[in-house]
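A.B. asks: Residue numbers (this note's numbering), protein chains in the order written: chain A, 8 to 135; chain B, 164 to 421. Following this message is one structure expressed as structure tokens.
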Ligand code: SF4
Ligand code: SF4
């Protein structure tokens, strides 16, 4: 192989450069400028644990959607045994009132565009 | 050669059997998951509305029921009749009952403007044609819409013989006078219609139109037809009421007293 050493060095440098952000994050123990979400002013705790909500709120919301609309049952029993009314605007947004401060910041950071807000209305009633 | 063909056929047969078995199992689970709502109470209901058109007409141009519905459900006001969104609206009796009222019928009857809405048919053709089950009949008879599932194919609009469904040709939110946040709007590209206020029934309230009508002349009665002692059960059993296009066999649950 001609110039084998150069090619391999080049590849190694390329690989290091491409994965640099990941190394940087690991070394610094941070996720770049991941948003720090402030807990809402009122309400003691969320319907489920913070960790669960962080990783699985989308599945929970889908479950709520199907339960309320398809099965017409609008109350949710959480894993701690409490009962909540199934309602995005009535229950979730009752505490998390500022969508821009709460939902949007994480979604923007993750680069996801959930379609919830095409129809569901945020409490302030802002027109798009 | 012969042997391997036999083997092949055997295996193919087994695979087919296995596949159909699996399908059966999967469908069984899916069915259990999509049990329609029974209203939670376990009581079998048949929600219905009866409208006394004479009482209604006595109020002249009253639009209390329509206004209440529009406000309740974030219904946009679009004046172009080709794109407008309607859940409940008024129509000439002659157009509502084209086979029952003819040119020789009393003029006061023919020209009466009467409220029309989705009939929540017992045999809803809209449900039969919907490819995604975005519209379906609940156990309590409500023909419900799941806006999350609607793909906007508009088969249901063609299927409904009463023109009870509207399609969102454009983003409806811009055309809503007063946006309320506790009820969703719809988005461009879905079909919508009256849901008999399923969200209000869930908290024990009457449909918004009926409540508004009660506050004016009380021409609308809402209730459970499965219960013969309910006000509507008694009314329908003791008075001659009409339903729209009965010859189609859709069995509407909106009754009219002309
Ligand atoms: S009136 Fe039309 S939309 Fe309503 S249930 Fe009957 S067919 Fe479906
Ligand atoms: S437009 Fe929506 S509700 Fe109507 S048939 Fe198509 S998917 Fe079903």
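A virtual CB, placed ideally from N, CA and C, is assigned to each residue, including glycine.
Any contact of the segment 247-267 of chain B with the segment 167-177 of chain B, i.e. 3+ C-beta pairs under 8 Å?
C.D. replies: No, the segment 247-267 of chain B is not in contact with the segment 167-177 of chain B.
A.B. asks: By how many angstroms is the C-alpha of residue 70 of chain A removed from the C-alpha of residue 25 of chain A?
C.D. replies: Taking the straight line from one Cα to the other gives about 39 Å.
A.B. asks: Nearest chain B C-beta to residue 115 of chain A closer than 8 Å, yes or no?
C.D. replies: False, the Cβ-Cβ gap to chain B never drops below 8 Å.
A.B. asks: Run down chain A in chain order and give the residues with a C-beta less than 7 Å from the C-beta of residue 310 of chain B.
C.D. replies: 126, listed in chain order.
A.B. asks: Identify each residue in the segment 341-358 of chain B for which the Cβ-Cβ distance to at least one residue of chain A is less than 9 Å, and report them in chain order.
C.D. replies: Those would be 341, 342, 343, 344, 345, 346, 347, 348, 349, 350, 351 and 353, in chain order.
A.B. asks: Is the closest heavy atom of ligand 1 to the C-beta of residue 304 of chain B under 7 Å?
C.D. replies: No, the beta carbon of residue 304 of chain B sits no closer than 7 Å to any heavy atom of ligand 1.
A.B. asks: Is any heavy atom of ligand 4 found at a distance shorter than 7 Å from the C-beta of residue 261 of chain B?
C.D. replies: For the structure depicted, ligand 4 is absent and the ligand set comprises only ligand 1 and ligand 2.
A.B. asks: Skipping 5 residues on each side, what residues in its chain have a beta carbon closer than 8 Å to that of residue 98 of chain A?
C.D. replies: Only 54, 91 and 92 meet the Cβ criterion.
A.B. asks: Going along chain A, which residues have a C-beta under 8 Å from residue 361 of chain B?
C.D. replies: What residue 361 of chain B touches in chain A: 79.
A.B. asks: Ligand 2 and residue 315 of chain B: does the residue's C-beta get closer than 7 Å to at least one heavy atom of that ligand?
C.D. replies: Under cutoff, so the answer is yes.
A.B. asks: Beta-carbon separation of residue 228 of chain B and residue 251 of chain B under 8 Å?
C.D. replies: Contact flag set, yes.
A.B. asks: List the residues of chain A that residue 365 of chain B touches, going by C-beta distances under 8 Å, in chain order.
C.D. replies: Residues of chain A passing the Cβ test: 79 and 81.
A.B. asks: Could you name the residues, in chain order, whose CB is less than 6 Å away from a heavy atom belonging to ligand 1?
C.D. replies: Ordered along the chain, the selected set is B:281, B:282, B:283, B:284, B:287, B:288, B:289, B:306, B:323, B:325, B:327, B:328, B:356 and B:413.
A.B. asks: Report the rounded CA-to-CA distance for residue 243 of chain B versus residue 330 of chain B, giving the unit in angstroms.
C.D. replies: So the two alpha carbons sit approximately 13 Å from each other.
A.B. asks: DSSP three-state call for residue 359 of chain B: helix, strand or coil?
C.D. replies: The answer is coil: DSSP assigns residue 359 of chain B none of H, G, I, E or B.
A.B. asks: Is residue 255 of chain B helix, strand or coil when you go by DSSP?
C.D. replies: Strand.
A.B. asks: Mind listing which residues of the segment 88-114 of chain A have their C-beta closer than 9 Å to chain B's C-betas, in chain order?
C.D. replies: The segment 88-114 of chain A vs chain B, Cβ under 9 Å: 94, 95, 96, 97 and 100.
A.B. asks: Are residue 328 of chain B and residue 356 of chain B close, meaning C-beta to C-beta below 8 Å?
C.D. replies: Yes, these two residues count as a Cβ contact at 8 Å.
A.B. asks: To the nearest angstrom, how far is it from the Cα of residue 233 of chain B to the Cα of residue 239 of chain B?
C.D. replies: Roughly 8 Å between the two C-alpha positions.
A.B. asks: Is the shortest distance between the beta-carbon of residue 255 of chain B and the beta-carbons of chain A less than 8 Å?
C.D. replies: Chain A, which has no Cβ nearer than 8 Å to the Cβ of residue 255 of chain B, makes this no.
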